[in-house]
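Heads up: the structure comes next, in structure tokens.
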Amino acid sequence: MTSAISREIRRTRHFLTLSAGIAFLWAAFLSVSPGLHERVHPGAGVEHNCAVTLVSAGHLHNSASSALFSAESPLVQLAKIAALNPVWIQSLFLVAGVFEHGPPAFNLNG
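Heads up: the sequence shown begins at 112 in the working numbering, then just goes up one per residue.
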């Protein structure tokens, strides 16, 4: 049963991919053929927007999408200032002096 469902999902995915590819190729073909583009939808005017004009322009100007979540307002964030206490941290460079001479040499003769 699961293999039948996965086959159906795979077929649907292939169909949608093929449909999107064919639609893009059709728009690309119409973008280089203005006469055929005029035949597809006559009377659209020079300044109309469709998939063909977007492909021929090479870019898409779209509006900003809405936010998925909203952050706290900056005033609420600045109202919660934590008290800072100074802490002394010893320098790591002073402790690392142990490693400046390299590993110890082993006496293999003795």
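Backbone N, C-alpha and C fix where the C-beta goes; we use that ideal spot for every residue, glycine too.
**OP:** Pick helix, strand or coil for Trp199, following the three-state DSSP scheme.
**Re:** coil
Original post:
From Ala194 to Ile200, what distance separates their C-alpha atoms?
Top reply: 19 angstroms
Original post:
Secondary structure at Phe135, three-state DSSP: helix, strand or coil?
Top reply: helix
Original post:
Taking the alpha helix (DSSP H) that His148 falls in, what are its first and last residues?
Top reply: Pro145 to Val151
Original post:
Mind checking Leu141: buried by the 16 CB within 10 Å criterion, or exposed?
Top reply: buried
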